[in-house]
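Notes to accompany the following structure.
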């Protein structure tokens, strides 16, 4: 009886192992769709203007945050040029949305 019980548990255990949950780990984790061919220049900024270009050149929603997470700028951008002359020198986070795609970059103002 003990041998039958052991074989039963072994068979059930192997059966669950063969049909167990399999998980695939992606090589790149992304929480948003990247904007194709996003270029932000100059960075670092010293003249008070940055230029933002993309492959699609659609209108963009641009937000700039300080290092504490406070939103400093929120603008709709229809061209390439964004005036940031009122920003004091420092490091900022630039968040850009174009359609359903978005991107986040570091911006240095001198």
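Numbering (full-length UniProt numbering), first residue to last: 1 to 110. Every residue, glycine too, gets a C-beta built ideally from N, C-alpha and C.
Query, Result
"Extent of the continuous beta strand (DSSP E) run through residue 91", "90-98"
"Segment contact flag, the segment 54-65 with the segment 90-100, C-beta cutoff 8 angstroms, min 3 pairs", "yes"
"Through-space distance from residue 46 to residue 35, alpha-carbon basis", "25 angstroms"
"Buried/exposed call for residue 106, threshold 16 Cβ in 10 Å", "exposed"
"C-alpha gap between residue 58 and residue 73, whole angstroms", "19 angstroms"
"C-alpha gap between residue 84 and residue 110, whole angstroms", "11 angstroms"
"Between the CA atoms of residue 86 and residue 49 - distance to the nearest angstrom", "10 angstroms"
"Exposure label - residue 76; buried when at least 16 CB within 10 Å", "exposed"
"Boundaries (first-last residue) of the beta strand (DSSP E) holding residue 82", "81-83"
"Which listed residue (54, 53, 90) has its alpha carbon closest to that of residue 68", "90"
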